[in-house]
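Residue numbers (the numbering used here): 1019 to 1290.
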Ligand SMILES: Nc1ncnc2c1ncn2[C@@H]1O[C@H](COP(=O)(O)OP(=O)(O)O)[C@@H](O)[C@H]1O
Ligand SMILES: [Mg+2]
């Protein structure tokens, strides 16, 4: 490609991103998670070097950053799967880094997790996969469980697949089953770790819509780790970029387009 063609393409893409960036929710809302000066090293490798971040209630915050920058490590702290070396994490009005196992389990009920590969149980039907958290954490009678599962599956756009097995479904449908399972206990916060990695552009858009629908239909606060620049601009209310163990950028999609920091610019123009 000639340099001029490349520049034209770049500027067309910029316009598209700018357009997508306008449709989002700019009203400030209550802070649901507050991370203060979070530090974590593994041996001599310092991964988080004083991360400060606020996650607003009811919004979608997308965490970006190059591979190995500590995005997964950061969200694992938020759900208490990792303990920091220092720093604080407030979920609503509870500081979670010092909690006992029991108290932490209480806080974890607020979270739903959607992993990259959906992580469904292959030997269980869709019904049993989605019912699993209800069977583990509640004493709900069987008939009620079935009705609830059918209802949540319908909300994520799946009807009549209860008796199928994960291997019989498309990749996009499996993601939806994973989402249904993540929201079945009515979490207030859903975390997606690279939900679109490895998907083609159409499926990626499908998963983005699923995330937006879940935010609207279940009124959840969403935290999404993503590499895909298209996705980021479609779904984000706020974007946080992690680099060298710190939050290098925090702001809206429009603000990231105007951010002069070359590290931030390189990310937006290189990925997706
Ligand atoms: N449990 C662990 N023990 C040791 N090192 C880890 C552990 N988890 C993550 N790391 C290291 O922390 C860094 C950040 O990892 P991660 O958060 O998974 O990156 P990403 O931004 O790609 O999600 C990587 O160098 C990784 O090897
Ligand atoms: Mg990761």
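By construction, the Cβ of each residue, glycine as well, lies at the ideal position given by its N, Cα and C atoms.
Closest by CA to residue i, which one among the options?
i	options	result
residue 1036	1277, 1287 and 1271	1271
residue 1154	1185, 1284 and 1127	1127
residue 1073	1264, 1283 and 1255	1255
residue 981	1070, 1110, 1065 and 1103	Not covered by the structure: residue 981. The range shown for the chain is 1019 to 1290.
residue 1191	1156, 1120, 1138 and 1251	1138
residue 1063	1193, 1110 and 1103	1103
residue 1167	1118, 1148 and 1105	1148
residue 1211	1286, 1118, 1159 and 1085	1085
residue 1039	1259, 1253 and 1287	1253
So does residue i have its beta carbon nearer than 8 angstroms to some heavy atom of ligand 1?
i	result
residue 1068	no
residue 1260	yes
residue 1101	no
residue 1049	no
residue 1282	no
residue 1216	no
Spatial neighbours of residue i within its chain, please: CB distance less than 6 angstroms, with the 5 preceding and 5 following residues excluded, ordered by chain position.
i	result
residue 1180	1144 and 1145
residue 1094	1100
residue 1075	1047, 1048, 1050 and 1239
Kindly examine ligand 3 and report whether one of its heavy atoms sits closer than 8 angstroms to the Cβ of residue i.
i	result
residue 1085	As presented, the structure is devoid of ligand 3, carrying ligand 1 and ligand 2 as its sole ligands.
Leaving out five residues on either side along the sequence, give the residues of the same chain with a beta carbon under 7 angstroms from the beta carbon of residue i.
i	result
residue 1281	1261 and 1266
residue 1052	1072 and 1108
residue 1208	1130, 1132, 1200, 1201, 1232, 1238 and 1240
Ignore the nearest five residues each way along the sequence and tell me which others in residue i's own chain have a CB closer than 8 angstroms to its CB.
i	result
residue 1222	1214, 1246, 1248 and 1249
Less than 8 angstroms between the CB of residue i and some heavy atom of ligand 2, yes or no?
i	result
residue 1243	yes
residue 1089	yes
residue 1180	no
Stretch-stretch touch, CB-based, cutoff 8 angstroms, three pairs: the stretch 1079–1093 with the stretch 1238–1248: The stretch 1079–1093 is in contact with the stretch 1238–1248.
May I have a chain-ordered list of the beta strand (DSSP E) segments no shorter than 3 residues that lie completely inside the stretch 1201–1258? 1207–1211 and 1239–1243
Which runs of the beta strand (DSSP E) fall wholly inside the stretch 1106–1158 and span at least 3 residues, in chain order? 1129–1132
So, do the stretch 1214–1234 and the stretch 1173–1183 have three or more beta carbon pairs nearer to each other than 8 angstroms? yes
Minimum length 3: unbroken beta strand (DSSP E) runs contained in the stretch 1070–1106: 1078–1082
Would you call the stretch 1108–1128 in contact with the stretch 1177–1191, where contact means no fewer than 3 C-beta pairs closer than 8 angstroms? no
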